[in-house]
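Enquirer:
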Amino acid sequence: MTYGMVIDLKKCVGCHACHVRCKAENGTPPGVTRAKVLSENVGAYPDVKRSIVPMLCMQCNMPACVAQCPTGATKKDDDGIVSINLEECIGCKACIAACPYEARYFIEGEEGYFGAELNPYETSAYVEARVGAVDKCDFCKGNGRLERGEVPACVDTCVVGARTFGEIDDLMELVESRGGYQLFPEKGTDPSVWYLPAE
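Mind the numbering: the sequence shown is residues 47 to 245 in the working numbering, read in order.
Shown next, in the form of structure tokens:
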């Protein structure tokens, strides 16, 4: 099985629920998120529209980050998910520079949201091994959701049902029926995250 995701830009309202749920589910420190929502105004008054694009690791079939990792810490797993072995990651940031989707983050240290001390939630959520390593979305494989038969947290929490997760071959009918596309196809990474057009 190779996992993939489809994001329907016609349904997405830019509420950031995916972003917030991802941070809570994965305990990422301040300034670090595995999922983000980009938005910008397009056009000129009075015909302005809001363009919204949720972003995450694209779980590429030809991941540039894997080729650039000097230790082999970043790997493409059999299920199609690009994973990071935090014990092997030396924090060189080569993978960050290689990713055309800006989907990777370096964890500088354990900084709390409310002062220098970590609160009890942060203490239980933060993984100490992350400090000095790179982090990214893994479709919630690392936190056990996939193993428990659950969908990624961002899919589960999307109030408008804009995200569909599953076997990539099963998703292609939806992609083809709506004229779905991958971001930056010219990069040659062949992402496993597809977008359905807003219009």
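Even glycine gets a Cβ: it sits at the ideal position worked out from N, Cα and C.
(1) Please state whether DSSP places isoleucine 136 in a helix, a strand or coil.
(2) Need the endpoints of the alpha helix (DSSP H) that valine 219 sits in, please.
(3) In angstroms, rounded to a whole number, what distance separates the CA positions of serine 129 and cysteine 204?
(4) Going by the CB atoms, is the gap between aspartate 236 and methionine 108 shorter than 7 Å?
(5) Going by C-alpha distance, which of Tyr49, His62, Cys115, Phe152 is nearest methionine 104?
(6) Looking at the strands, I want to know which residues DSSP matches up with tyrosine 227.
(7) Compute every distance between the C-beta of cysteine 141 and the non-hydrogen atoms of the ligand GTP, then say whether any falls below 6 Å.
(8) Pull up the distance between the alpha-carbon of phenylalanine 152 and that of glycine 137, whole angstroms please.
(9) Quick check: the segment 213-230 against the segment 64-82, are at least 3 beta-carbon pairs closer than 8 Å?
(10) In its own chain, which residues sit with a C-beta less than 6 Å from the C-beta of alanine 175, not counting the 5 before and 5 after it?
(11) Three-state secondary structure (DSSP) at threonine 203?
(12) Taking the alpha helix (DSSP H) that valine 66 falls in, what are its first and last residues?
(13) According to DSSP, isoleucine 53 sits in a beta bridge with which residue or residues?
(14) Is alanine 175 helix, strand or coil when you go by DSSP?
(15) Take the Cβ of lysine 182 as the centre, count every other Cβ of all protein chains shown within 10 Å, and call the residue buried at 16 or more, exposed below.
(16) Would you identify the three-state DSSP class for glycine 60, choosing helix, strand or coil?
Expert: On the basis of the data shown:
(1) Correct three-state label for isoleucine 136: coil.
(2) Going by the sequence as given, residue 219 is glutamate instead of valine. Per DSSP, glutamate 219 belongs to the alpha helix (DSSP H) from 214-223.
(3) In a straight line, the C-alpha of serine 129 is about 24 Å away from that of cysteine 204.
(4) The Cβ-Cβ distance between methionine 108 and aspartate 236 falls below 7 Å.
(5) Selection Tyr49, His62, Cys115, Phe152 evaluated against methionine 104 yields Tyr49 as nearest (Cα-Cα).
(6) Per DSSP, Tyr241.
(7) Ligands in the displayed structure: none, and consequently the ligand GTP is not present.
(8) Just so you know, the alpha carbons of phenylalanine 152 and glycine 137 end up roughly 7 Å apart.
(9) No, the segment 64-82 is not in contact with the segment 213-230.
(10) Note that alanine 175 has pLDDT 49, beneath the 50 cutoff, so the model's placement of it is unreliable and the number below is only indicative. If we look at alanine 175 and ignore the five residues flanking it on each side, its Cβ neighbours are Leu132.
(11) Of the three classes helix, strand and coil, the one that applies to threonine 203 here is helix, per DSSP.
(12) Unbroken alpha helix (DSSP H) run through valine 66: 63-72.
(13) According to DSSP, which records beta bridges pairwise, isoleucine 53 is partnered with Arg209, Tyr241.
(14) Because the pLDDT at alanine 175 is just 49, under 50, the model does not fix this residue reliably, and the point stays unresolved.
(15) The residue in question, lysine 182, is buried, as its Cβ has 16 or more Cβ neighbours within 10 Å.
(16) Glycine 60 sits in coil when the DSSP states are folded into three classes, being neither helix nor strand.
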